[in-house]
Each structure stands twice: as C-alpha cells, then as structure tokens.
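This report concerns only the one structure given below.
Residue numbers (my numbering), protein chains in the order written: chain A, 15 to 356; chain B, 15 to 356.
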C-alpha cells in the first residue's frame, strides 16, 4: 500500500488537523467528535445545513463547508458512517434557531445514524428535516444500501440547498426544494481500478489489466457488470444511456451536466468524457445550461468517473450561480467584457 | 494501460474539444494550432499573459485561462513543448496593443520555442517579455533542463501576474514583478508511483512497492534519490528542509504554503502533508499568510505531492486575494459574519 499517510488509524484525524491548519480562519474543526463547521456558526435565523458520511470522498463533505454551501460536515472513518453523536454535535453547533436540514446519502448506516441523531435533536427541541440522495441508476440495492445509492447528485444538492439556505429559505421550503432536486437528478459511475482503504491495506477488489467495472459505487461496491476495457466514448455511452432512460430526460430539457473523477483520474481524461457526454446530450435535444468537470466526490485514489445529469429550472440556475466560498468550491462569476473593449 | 481515452494520438485534441464544449461561453479554443484564449481577448490596453507547455499537467495551463489569470494557454502534446507557431498564434490572439508576457517553465524545449515565438512576434511588431520559472530545488540540470526545473511556482506566478495584468500593470512592471516572484519561491516534489504517457503505453519508470522517488520532476524525470517508502510526516520533512535552506526562508518571513497533488493522490492525503508542513513552518518562525491545497500542477495520474513556499509581501497578498474566474480556479473571498450575527 503506497499512501501519503502516517498511521492508518490516524488518517481522518490528521487530515482534519490539516484542514484546521489550512482553513482555520474560516472554519472550526472539532476532533472530539469529528466535525467541521463554518467559523461564523451558528447564524441566527438561518437553517443549518449538515451533511456527512464516510471519509475518503474528499473534497466532499468537509471541503464544502462555508458560506453558500454547508454549515457543517461530519466525517466518519474511511467509508464508515459518522456516529449519531457526531451528527448531533455538529447539528447543535450550527442551529441558529431556524432548524437543521440533514443531507443524507442513501447507505444503510448513514440513514440509520442520521435518523438517530434527528431523534436526539428533536428531543432537545431542535427542528430537523432530512433529504435523502439516491441518484445512482446503476443498481437497486447493493452491498451497503437498500434502494439506490447516493452519489454525484449529493454535491449538486449541497451547492443548491446551500445557496437557498443562505438566501433565508425556511426548513420546510429547503426540504421541498431538496425533494425536487432528488427527483430531477440521476447518476452512474465506472472504475478502471480499485482503491485501497488504509486500514485494510489492500485493494477492495481486483480488476484485470483489460477489465473495468461499470456501475461502480463510491466505496468499491460492485456495479452492474464487469466488462472489457472500452474507449472513453464507449464508456460515456454506457453511462449516459441508463441515466437518460431512467428519469427519463426528454428533448427540450435544460440540464446541468456533471462529469466527476473518482480520485485517481487526471482532469485531461475527464474532459474527453465531457466532450462525448455533451455530444450525446445535444443529440437527445437536451440543452446543457450549466456544467461541472472535476473530482468532487471521490473514492480515495480509485481511477474512473461518474456522470450526473440534473434537470434544471430558472430557480436552480440562479441558486447554482450564487456565490459560494468554501475550501474546495468557490464561485465568482465575473462579468467579462466584449472582445476589443477596454 | 488503463485510461479514459480513445486513441492515444488524439488525447490532447479531444480534451481541448471537451474544454470548448464545457467552457465555450467564456473561452475560445483553437485546434489549428492548439491554444485556449479568453472569450473577450484581445483586451485593448491590457498586457496579454500567455503560458504553455506540455499537456498532462492539468488543470495547468488551460484551466487557468480567464479573467484575473491567463489570457491564453498553449498546450503541447503530452509532456512535449508547444511549437513556436502555437505560441505565436496565441500571443497574437491576446495582444491588445500593450504587449505580451510569456510565463515559461525552465525546460530546454519550452525555453527555445517561447524564444523563437518571441522573435517572430517582435518581427511582427508585438512587444514581448518573458519570465522564467525555475523553482525546483531538487536538482541542478536534469533530463529536460539546463538549470533548475519550473514546477509549482508556475501556478502561483500565473495567479499573481494575472491579477496584476488585470489591474492594468505595464509589460515592464509585470516582468519586474515576475522576477521578484521567481526570486522568492522554491519547490520540491516526490512520487509514490510513475505515470504512463498514453503514446508510450507503459509507465515512464518503475518503483518497487516499498520505494519512492524524492525530488521528482513533473514528467517523471529522476529526482535526487530513490528511497524506502516513508511516513507522510517524514516525507514532508524531506521536502521542506531543502526548500527552507535554499532561499533561505527566515524566521519572521510571511509565506504562502502550497501543497500540490501530482494527479493520483487523494485530497485527504494532501491535508496530512499540509498539517506537517504548517507545523514545520511554525517551528521555523514562518507565518503562513495564505495557502493552497489541491492538485494544481500534475503529472497525469502520478501519485505523490510537491510543496512550494513563496515569500509574500503586502502587494502579493493583495494580488492573491483578487478575484479570478477560470475553469479551474475561482476566487471569491466572501466576508463572513460574526458568530451569532443575523
């Protein structure tokens, strides 16, 4: 196992110490229990937005804490759900009296622990709602999930709800907006290689030099099928077709197209995937009104990619363009001048 | 070789087509010859900032084209210098009458081709200056270089000069500022694994499961030495000590600390490196006033990291904080409120 780590058992704690060292001017990091919150939390009258899940998907979720996105993130150990205590403490830290919204990826452990934390919070007098993310069209049920897995849409959900919460949306309206985003987004991923969980010390599965896994999850869970290695264009078709068919997306839809790297895939390859995905979208009559290309929800150093499509509305475009200032996601749409203008 | 590509020979072209598909609202992409320019180029009265080099280091340089950073980037084939024709065409496209500044990493081919392009531009009546980047303390001379290699400081140079150019700095003052940044920055990198150039089809070198290369370049060039795999903390010491000694950095210096991933290294590991690097800086009496953590100058899917330190001034801090809007680098330092404020 080749990793830039010290003790395998200390990876999450030491990374959190690094986040505090790097971003302590804007974020606060708690080490007992683990969570990351905005430096200005709690904000009176603002709904606190909390997400979390196993570590190993960075920059999600800790990298998305800041103005215009999450109020807090609860990182579990690598690929391990955060505990109810963590979620409770983080939620308390960001509750400014307007309640707390949990964004929960659909994995059995995450769902259970967020639900337990929500009960504890309600007992404590805090209003809590949650939005589930289950956008992965690859498989129904899997190693860690009843129902579909939550993958790439989580990142978009955090950005969009973060903007709405910053604008003063109520807990009830955020819940409703989250459900509409959940209904409008679909994803699918694939892997060229496995990743190695530090405490396991060896790859979570093996793929031959001429094989890939289509429909992979973000923890190395099996996908739909193992297949012979294909070209970037063929792979893009394999991911886009099930996504398009599922919602279904229809000619005339305005969409956000998100091409995500799994951690070990170079950006230059993601643009080759984007090229084909945009071509397929155009052939289907879809209009790509916004996009995102990069490694935003990862699976340690796994090589591969995922594609997420989200049907957009005027409201969602406005929320997408809203300013955000977090360690891993900043948005600053500056106006640009006309060619030749001074 | 497992990559998300179609034909190895088409990687750069298809990635550029992907960049155009994704960012065509803000950038223009030329395919004959290859270059990427701001959509609003040329800007009358603004010095055009042009960089370039072999592809495979993404997001550098194409991801840094946009307001507040580069006016144009010239990507060569993977790890191959751009041609004088490319550099000439890109420079012409961004020349708004105030001249063009080339930011050149110190590799023999890059230096030669940028110099040839500069001569062609001068013959054509365009004022041209260049700033060389040669910040790598690992080795004097190497496989592709006479003198030190240009690595991580290039990214910081592009951000800082980009902000100054946006502010209306003259060609002469940008050249002077670039030289001062060059004099104040130092870097060193290491690798856990090699990368594979698509057209070569096999890794550029081999490292045993218990080995690493200390002082690696960004093209898999040999470093200072091959060593037994060490912990993240030990590796950080191995990189920081030569950097600190070289300038030298001294107690009381205000610095920018940049921890960069080589492409295949997860962000969670970079924060473990940052944690130790910040600790060492503090022990030396250095004050980290700004930082950057992520994969900004890569070597395809190589696993490893580099550290760059830049001695900061009030002027550089102001330029660092200036807004920027490019595909891979956006800056939007939003003010955050006081805890509990509405």
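Ideal Cβ positions, reconstructed from N, Cα and C, are used throughout, including at glycine.
Here the structure is a predicted model, which means the values were calculated and not measured.
- At a cut-off of 9 Å between C-beta atoms, residue 342 of chain B counts as an interface residue with respect to chain A.
- For residue 105 of chain B, the enclosing alpha helix (DSSP H) starts and ends at 98-108.
- Chain B places a beta carbon closer than 9 Å to that of residue 281 of chain A, counting this residue as a contact.
- 277, 278, 279, 280, 281, 282, 283, 285, 286, 287, 288, 289 and 292: these are the residues of the segment 270-298 of chain A whose beta carbon lies less than 7 Å from some beta carbon of chain B, given in chain order.
- Residue 144 of chain B has B:116 as its beta-bridge partners, per DSSP.
- Contact with chain B is absent for residue 321 of chain A, since none of that chain's Cβ atoms lies less than 9 Å from the residue's Cβ.
- When the five nearest sequence neighbours on each side are left out, the beta carbons in the same chain lying within less than 6 Å of the beta carbon of residue 191 of chain A are those of 178, in order along the chain.
- Per DSSP, the continuous alpha helix (DSSP H) segment holding residue 333 of chain A begins and ends at 328-335.
- Within the segment 201-272 of chain A, complete alpha helix (DSSP H) segments of at least 4 residues are found at 246-260, given in chain order.
- Each of B:104, B:320, B:345 and B:340 was checked against the Cα of residue 332 of chain B, and the nearest Cα belongs to B:345.
- Burial check for residue 222 of chain B: the Cβ neighbour count within 10 Å stays below 16, so the residue is exposed.
- Between residue 226 of chain B and residue 249 of chain B, the CB-CB gap stays under 9 Å.
- Counted as a single uninterrupted DSSP element, the alpha helix (DSSP H) harbouring residue 132 of chain B occupies residues 122-137.
- In the three-state reduction of the DSSP assignment, residue 301 of chain A falls in the strand class.
- Under the three-state reduction of DSSP, residue 87 of chain B is assigned to strand.
- When beta bridges are read from the DSSP output, residue 63 of chain A appears opposite A:115.
- With respect to chain B, the C-beta atom of residue 345 of chain A has a partner C-beta closer than 9 Å.
- With fewer than 16 other Cβ atoms from the protein chains shown falling within 10 Å of its own Cβ, residue 157 of chain B counts as exposed.
- In this structure, residue 205 of chain A places its C-beta atom within 9 Å of the C-beta atom of residue 313 of chain A.
- A direct Cα-to-Cα measurement between residue 34 of chain A and residue 170 of chain A gives close to 25 Å.
- Rounded to the nearest whole angstrom, the CA to CA distance from residue 140 of chain B to residue 79 of chain B is 21 Å.
- According to the DSSP secondary-structure assignment, residue 274 of chain B is paired through a beta bridge with B:308 and B:320.
- Residue 223 of chain B belongs to the set of residues whose beta carbon lies under 9 Å from a beta carbon in chain A.
- Bounds of the beta strand (DSSP E) holding residue 42 of chain B are 41-45.
- Closest by C-alpha distance to residue 280 of chain A, out of B:196, B:138, B:308 and B:114, is B:308.
- Taking C-beta separations shorter than 8 Å and ignoring five residues to either side along the sequence, the partners of residue 134 of chain A in its chain run 98 and 102, following chain order.
- Of the candidates A:147, A:60, A:339 and A:267, A:147 places its Cα closest to the Cα of residue 122 of chain A.
- Residue contact check for residue 70 of chain B against chain A: a CB pair falls below 9 Å.
- Chain A places a beta carbon closer than 9 Å to that of residue 16 of chain B, counting this residue as a contact.
- Around the Cβ of residue 278 of chain B, a 10 Å sphere holds 16 or more other Cβ atoms; the residue is buried.
- For residue 52 of chain A, the enclosing beta strand (DSSP E) covers residues 48-52.
- Taking C-beta atoms under 8 Å as the contact rule, residue 82 of chain B and residue 338 of chain B qualify, at a distance of about 3 Å.
- The alpha-carbon separation between residue 242 of chain A and residue 63 of chain B amounts to approximately 44 Å.
- In summary, the residues of the segment 300-317 of chain A whose CB is separated from some CB of chain B by less than 7 Å are 305, 307, 312, 314, 315 and 317, in the order they occur in the chain.
- Note that the C-beta distance between residue 119 of chain A and residue 90 of chain A is not below 9 Å.
- DSSP places residue 173 of chain A in the uninterrupted alpha helix (DSSP H) bounded by 167-180.
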